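Engineer: One structure, pasted below without further comment.
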Amino acid sequence: MKVTVIGTGYVGLVSGACFAEAGNKVMCLDLDAAKIATLNAGGIPIHEPGLEPMVARNREAGRLLFSSSYDEAVEHGDIIFLAVGTPPDEDGSADLSHILSAARSVGQRIRRSVVVVDKSTVPVGTADKVREAIASELARRGADLRFHVVSNPEFLKEGAAVNDFMRPDRIVIGSDDAEATAVMRQLYKPFNRNHNKLIEMDVRSAELTKYAANAMLATRISFMNELANLAEDLGADIEAVRHGIGSDPRIGPSFLYAGVGYGGSCFPKDVKALLKTAGDRGRRLRILDAVEQANEAQKSVLFDKISAHFGGSAGLRGLRIALWGLSFKPNTDDMREAPSLVLIGQLLAAGCSVQAYDPVARDEARRILQARHPDAFGSGALAIVASAKDALQDVDALALVTEWQEFRSPDFDALAACLRRKVIFDGRNQYEPAEVQAAGLAYHGIGRGT
Ligand code: UGA
């Protein structure tokens, strides 16, 4: 099939590459000519395991093309995916200007019947707006063409995006037209072998499903984070509690990990957007409101522990803290809404200096932190170093913020020799408290009150 994907962000690029991998002829469009030049030269603008070789082999096979020309891209596809960004507006609602502008660009150019697919995360009702935008462009041109708008939200996770797309646990198709549904079924056939993963529904339900999924996952995380904080007061261990409840199939084991709060480009944005959607209709989503507040508070938990351990502001001043992990989660260089940014800001404000390391997000982190704390870089109060070991040189304590594989099993005796004040703050419950303590280090996890 001939597929066009508009937008080469995470979702667009991964979808385009995976559709090509399944044998389709795909053209990915981005108005950012520099990005297209990078892609055409074999480069990948994001860090995503498995994506680079997949893009390369499909590009070489002539199944995956990149273009910055709307004329070319719209001419190419019988199915046109809209996978452009929907960043939050100031009031929290999703900014639809990119998606509607893409829809107009499609409407200005189509010359045959097409299926237009909303792949971006968009508020309920957006497919109607996309349909109107295309129809009004067609009317302006006096063109009488049939087209359908389908909602096909994406559920991939950064860091596991290729696998999530190639082996989805569900494929949601929101469509009000049988013909368009049949086209989508055909397109997804290679991803839907053995067990039927297709879930067909109306357009609005599909749009809401995407927000409902992310809101539910965010709710689980905030719930566990709050219970973790309570576990500390009660002398209980949240890790044991997690095992204890996760084995109930009605609850399930995933997304119950307490930590330093959820970040990334999706949960924070989508929770806000759903709250706004509800608010616009005069409806208060009390649970989701609390989820967001709990998450904001959780991002300060590690700083609060560091501060309490050293006896408050007087004790903090002049300390040098090693920080392991900057990206919002492992296996990505994405720094959007990363809890590390909050912690670094708090440590610097308290007069600490920070020596940070991340396996892949160093450049992205430096770019963001240099803009936020230019003086700290200049004075040496903030440094981003090249290895986990370098981060431990001449520091008082270690804070683990992102659970990258390489931080999983450090030599605690070596750590005890490095850390002047002999303490680890484990923001992701990666270590066994007894093992850390046996090396002569104090241990602070999240919700480990025992
Ligand atoms: C999330 C969803 O998991 C995907 O299904 C969805 O497609 C995507 O958003 C999206 O809307 O595009 P992603 O943001 O890539 O994916 O990352 P997650 O693995 O979901 O993690 C989100 C945040 O929650 C991270 O900060 C992570 O550290 C945190 N988290 C996750 C926890 O604190 N505890 C957990 O148990 C799980």
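First residue of the sequence shown: 14, per the numbering used here; consecutive thereafter. We put the beta carbon where it would ideally sit given N, CA and C, even for glycine. Small disclaimer: the values here were computed from a predicted structure and weren't measured.
#1: For the beta strand (DSSP E) that contains GLY187, what are its first and last residues?
#2: Is it buried or exposed for ILE212, if we count other Cβ within 10 angstroms and need 16 for buried?
#3: Do the region 19–26 and the region 129–139 meet, that is, are 3 or more Cβ pairs less than 8 angstroms apart?
#4: Going by C-alpha to C-alpha distance, which of GLY462, LEU411, ILE319 sits closest to ALA427?
#5: Using DSSP with H/G/I as helix, E/B as strand and the rest coil, what is ILE319?
#6: What whole-angstrom Cβ distance do ASP141 and SER81 have, given they're in contact under 8 angstroms?
#7: Between ARG227 and the ligand UGA, is the CB less than 7 angstroms from at least one heavy atom?
#8: Kindly indicate the opening and closing residues of the alpha helix (DSSP H) around GLN450.
#9: Quick one: measure Cβ to Cβ for SER188 and LEU158, integer angstroms, because I've assumed they're closer than 8 angstroms.
#10: Counting only runs of 4+ residues fully inside the region 228–286, write out the alpha helix (DSSP H) ranges in chain order.
#11: With hydrogens ignored, establish whether the beta-carbon of THR232 is closer than 7 angstroms to any heavy atom of the ligand UGA.
#12: Rounded to the nearest angstrom, what separates ASP102 and ASP283 at their Cα positions?
#13: Can the beta-carbon of LEU339 be found less than 8 angstroms from the beta-carbon of SER353?
#14: Would LEU52 be called buried (16 or more neighbouring beta carbons within 10 Å of its own) or exposed?
#15: Does the distance from the CB of SER278 to the CB of PHE178 come in under 8 angstroms?
#16: Since VAL119 contacts HIS161 with CB under 8 angstroms, what's their CB separation in whole angstroms?
#17: In three-state DSSP terms, what is ILE49?
#18: If we call anything under 8 angstroms between Cβ atoms a contact, is THR345 one with HIS60?
#19: Among GLU239, PHE323, LYS435, GLY460, which residue has its Cα nearest to the Cα of GLU245?
#20: Looking at the unbroken alpha helix (DSSP H) that takes in LYS384, where does it start and where does it end?
#21: Closest by CA to ILE300, which one among ARG76, ASN242, LYS285?
#22: For the ligand UGA, I want to know if TYR224 counts as a neighbour, meaning its beta carbon is within less than 7 angstroms of at least one of the ligand's heavy atoms.
#23: Excluding five sequence neighbours on each side, which residues of the same chain lie with their C-beta closer than 6 angstroms to the C-beta of CYS431?
#24: Hey, is the region 183–198 in contact with the region 212–222, meaning 3+ C-beta pairs nearer than 8 angstroms?
Structural biologist: The structure says:
#1: 184–187 is the span of the beta strand (DSSP E), which, as asked, contains GLY187.
#2: ILE212 should be labelled exposed.
#3: Yes, the region 19–26 touches the region 129–139.
#4: With distances taken between Cα atoms, ALA427 lies closest to LEU411.
#5: Helix.
#6: SER81 and ASP141 do not touch by the CB rule: their CB atoms are close to 29 angstroms apart, not below 8 angstroms.
#7: The question names Arg, yet the displayed sequence has Asn at residue 227. It does: the Cβ of ASN227 is within 7 angstroms (strictly closer) of some heavy atom of the ligand UGA.
#8: Start and end: 446–451.
#9: Their Cβ separation, rounded to whole angstroms, is 18 angstroms, which puts SER188 and LEU158 out of contact at 8 angstroms.
#10: Qualifying alpha helix (DSSP H) stretches, in chain order: 251–259.
#11: Answer for THR232: no, Cβ out of range of the ligand UGA.
#12: Near 12 angstroms, if we compare the C-alpha coordinates of ASP283 and ASP102.
#13: Contact annotation: LEU339 and SER353 have beta-carbon atoms nearer than 8 angstroms.
#14: Buried.
#15: Cβ atoms of SER278 and PHE178: not closer than 8 angstroms.
#16: With 8 angstroms as the limit, VAL119 and HIS161 do not qualify as a contact, their Cβ atoms being about 12 angstroms apart.
#17: Helix, per DSSP.
#18: It is a contact, given that the beta carbons lie within the stated cut-off.
#19: When each option's Cα is compared against that of GLU245, the closest is GLY460.
#20: Checking the sequence shown, residue 384 turns out to be Ala, not Lys. Residue range 375–385 is occupied by the alpha helix (DSSP H) that includes ALA384.
#21: Of ARG76, ASN242, LYS285, the residue nearest in Cα terms is LYS285.
#22: A distance criterion of 7 angstroms places the beta-carbon of TYR224 beyond contact range of the ligand UGA, judged by its closest non-hydrogen atom.
#23: LEU405, listed in sequence order.
#24: A contact exists between the region 183–198 and the region 212–222.
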